[in-house]
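Reviewing the structure listed below.
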Amino acid sequence: MWPFILLLIAVLAGGFYYVKSSNSNMVQVPTVLNLSEEEAVKILEEKNLKANISRYAQSNNYEAGKVMEQDPTPKTKVRKNSTVNLVVSQGREVKVPDLSGLTLEQAEEKLKELDLELGKTSTDFSESVKKDKIIDQDPRKNEKVQAGSEIDVTVSLGKEEDDVKNVKVPNFVGNYEEDAISLANDNGLTVGNITYKYSDKYEKGVVISQSIAAKTQVAEHSSIDFVVSRGKNPNDSSDEDTDDGNKSQQVNVKFTISVPTDKDSFNVKVYKLGDNNKNSDLLYNQNHTKDELDSNGNLNLDFKSAVGTKVNILIDDKSQGVYEVNR
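Residue numbers are given in full-length UniProt numbering: position 113 of the sequence shown equals residue 113, and the series is strictly consecutive.
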């Protein structure tokens, strides 16, 4: 009896030792999915397993360089020093679209369609691209990048405005018209409207007043208007008889003229005609815009002249006809 019992004990002990020895030689395969190739190899080696990169493949779900498949699968028990085969993602290459001229919102929408993302945004001035439109990108259009990559863009701030420079307005009063215009240009000013009035104080052709006071600081290229003397009013001293026996009389003259509607702005001059029917005194000289025209495309002029005077009306220095001033 005892020999049988001793034999049974020996068999049981041997079986236990075999099972224990067999289990100690097995390991559970860890998950290395979505890890880099280097990280996956390191973790497998720590578990006494060998890594084998079986192949590389494109993937929409895993970034380039990440493990996308493993065999055996995670949690499978294998013997120590067994080999785990890995498939590493190459990502997915896409062609970068042209984003020039798009807004940020439009660019982001276009990139999403290609599984790309909007990256860093910077700004710069541009002479040709409107504000808030993309003027540059990195990577460039048509370059191939991995899906999920970021595309950096530069957005236009529009044209760079020069710093505003101020100039001091000189005194034009007392200068002849041509000298005043030259003086204005020399000081960075633009001459706007010039009107003409009789003056007992200033001789003909001399500036009587200016729209911006002398010594005022204004932005460069600001517009300034002049009033120029027509000399003394001849009607203030004595009245002259006209051909029909009536005395010459200065009256307010109102003319309605037709203006080409294809111009945004234009200049109107009215000259008094002399005995030889040539332009003499300048009665009116002003710049106008098409916004001043009435519904019929006409412009109303208002100036003073003597009854019976013939005047020549010019638009942008082109004669529109000769008219006679009536009461």
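No residue lacks a Cβ here, since even glycine has one placed at the ideal position from N, Cα and C. On a predicted model such as this, the values are computed, not experimentally measured, just so you know.
Taking the straight line between their C-alpha atoms, what separation do you get for glutamate 105 and isoleucine 181? Here residue 105 refers to the residue found at position 105 of the sequence shown. Here residue 181 refers to the residue found at position 181 of the sequence shown. Distance between the alpha carbons of glutamate 105 and isoleucine 181: 51 Å.
Every unbroken alpha helix (DSSP H) within the segment 109-181, with a cutoff of 4 residues, ordered by chain: none
Does serine 258 pass the burial test, meaning 16 or more other C-beta atoms within 10 Å, or should it be called exposed? For the purposes of this step, residue 258 is taken as the residue at position 258 of the sequence shown. Answer is exposed; the Cβ neighbour count stays below 16.
Rounded C-alpha distance that separates glycine 308 from valine 228: Position 308 of the sequence shown, counting from 1, holds the residue named residue 308. Position 228 of the sequence shown, counting from 1, holds the residue named residue 228. About 24 Å.
CB contact flag (glutamine 28, lysine 75, <9 Å): Within the sequence shown, the letter at position 28 stands for residue 28. Within the sequence shown, the letter at position 75 stands for residue 75. Yes; because the gap between Cβ atoms is below 9 Å, this pair is in contact.
7 Å CB neighbourhood of threonine 83 in its chain, flanking five on each side removed: On the sequence shown, residue 83 is found 83 positions in, with the first residue counted as 1. Contacts found: Lys50 and Asn52.
Measuring straight from C-alpha to C-alpha, what distance separates valine 87 and glycine 119? Mapped onto the sequence shown, residue 87 falls at position 87. Mapped onto the sequence shown, residue 119 falls at position 119. So the alpha carbons of these two residues sit roughly 30 Å apart.
Cβ-based burial, glycine 91 [other Cβ within 10 Å; buried from 16]: As a working mapping, residue 91 is identified with position 91 in the sequence shown. So glycine 91 ends up on the buried side.
Excluding the 5 residues preceding and the 5 following histidine 221 in the sequence, name in chain order all residues of the same chain whose CB lies nearer than 6 Å to its CB. Position 221 of the sequence shown, counted from the first residue, corresponds to residue 221. So the qualifying residues of the chain are Thr190.
At what residue ranges does the UniProt domain "PASTA" (23-89) contain a whole run of the alpha helix (DSSP H), taking only runs of 4 or more? 37-46
What's the call for glutamine 217, buried or exposed, on a 16-neighbour Cβ count within 10 Å? Residue numbering aside, residue 217 sits at position 217 when the sequence shown is read from its first letter. Looking at its Cβ environment, which holds fewer than 16 other Cβ atoms inside 10 Å, glutamine 217 is exposed.
Let's see if you can read the secondary structure: which residues bound the beta strand (DSSP E) around threonine 216? Translated into positions along the sequence shown, residue 216 becomes position 216. No beta strand (DSSP E) contains threonine 216, which DSSP labels as neither H nor E.
Can you give the Cα-Cα distance for residue 329 and glutamate 93, rounded to whole angstroms? The structure shown does not extend to residue 329, since the chain is modelled only from 1 to 327, so the question has no answer here.
Is aspartate 225 helix, strand or coil by DSSP? The residue given as residue 225 occupies position 225 in the sequence shown. Note: aspartate 225 maps to strand in three-state DSSP.
Check whether the segment 125-140 and the segment 98-117 are in contact - that is, three or more C-beta pairs closer than 8 Å. yes
Which same chain residues, not among the five before or five after glutamate 69, have their C-beta less than 6 Å away from its C-beta? Working through the sequence shown from its first residue, we reach residue 69 at position 69. Correct list, in chain order: Val87.
May I have the straight-line CA-CA distance separating serine 237 from aspartate 200, to the nearest angstrom? Residue numbering aside, residue 237 sits at position 237 when the sequence shown is read from its first letter. Residue numbering aside, residue 200 sits at position 200 when the sequence shown is read from its first letter. Confidence is the limiting factor: at serine 237 the pLDDT is only 47, short of 50, which leaves the residue's position unreliable, though a coordinate-based value still follows. So the alpha carbons of these two residues sit roughly 11 Å apart.
Distance, Cα to Cα, serine 280 vs lysine 272? Start at 1 with the first residue of the sequence shown, and residue 280 comes out as number 280. Start at 1 with the first residue of the sequence shown, and residue 272 comes out as number 272. Answer to the nearest angstrom: the Cα atoms are 6 Å apart.
Taking the alpha carbon of lysine 159 as the point to measure from, which residue in Val167, Asn187 and Asp124 has its own alpha carbon closest? Reading the sequence shown from its first residue, position 159 is the one you call residue 159. Cα-wise, what sits closest to lysine 159 is Asp124.
Pick out the complete alpha helix (DSSP H) segments inside the segment 240-318, 4 residues or longer, and give them in chain order. none
CB-CB length for asparagine 252 against lysine 304, believed under 8 Å: Locating residue 252 in the sequence shown gives position 252, counting from the first residue. Locating residue 304 in the sequence shown gives position 304, counting from the first residue. Yes, asparagine 252 and lysine 304 are in contact; Cβ-Cβ is about 6 Å, under 8 Å.
Give the DSSP-derived three-state secondary structure of glutamate 105 in the structure shown. As a working mapping, residue 105 is identified with position 105 in the sequence shown. Helix, per DSSP.
Evaluate the contact criterion for the segment 134-148 versus the segment 110-117: three or more CB pairs, one atom per stretch, below 8 Å. yes
Selection from Val96, Ile43, Leu35 and Lys232 that minimises the alpha carbon distance to valine 153: Position 153 of the sequence shown holds residue 153. With distances taken between Cα atoms, valine 153 lies closest to Val96.
Have a look at arginine 79 and asparagine 48 and give me their C-alpha separation to the nearest angstrom. Counted from its first residue, the sequence shown places residue 79 at position 79. Counted from its first residue, the sequence shown places residue 48 at position 48. Answer to the nearest angstrom: the Cα atoms are 9 Å apart.
Under the assumption that valine 207 contacts asparagine 175 (Cβ atoms under 8 Å), give the Cβ distance between them as a whole number of angstroms. As a working note, residue 207 is residue 207 in the sequence shown. As a working note, residue 175 is residue 175 in the sequence shown. Confirmed, Cβ separation roughly 5 Å.
Rounded C-beta distance between valine 270 and isoleucine 224? I'm assuming under 8 Å. On the sequence shown, residue 270 is found 270 positions in, with the first residue counted as 1. On the sequence shown, residue 224 is found 224 positions in, with the first residue counted as 1. In fact, because the Cβ distance is near 22 Å, the residues do not count as touching under 8 Å.
Does DSSP put asparagine 233 in a helix, in a strand, or in coil? In the sequence shown, residue 233 corresponds to position 233, counting from 1. DSSP places asparagine 233 in coil when its eight states are reduced to three.
Limits of the beta strand (DSSP E) - the one that glutamate 93 falls within: Walking along the sequence shown from the start, residue 93 turns up at place 93. Where glutamate 93 is concerned, the enclosing beta strand (DSSP E) stretches over 93-95.
Where the beta strand (DSSP E) through serine 209 begins and ends: As a position in the sequence shown, residue 209 is number 209, starting the count at 1. Element bounds for serine 209: 207-210.
Candidates Gly274, Lys310 and Ser265: which alpha carbon is nearest leucine 299's? By 1-based counting over the sequence shown, the position of residue 299 is 299. The residue with the shortest Cα to Cα distance from leucine 299 is Ser265.
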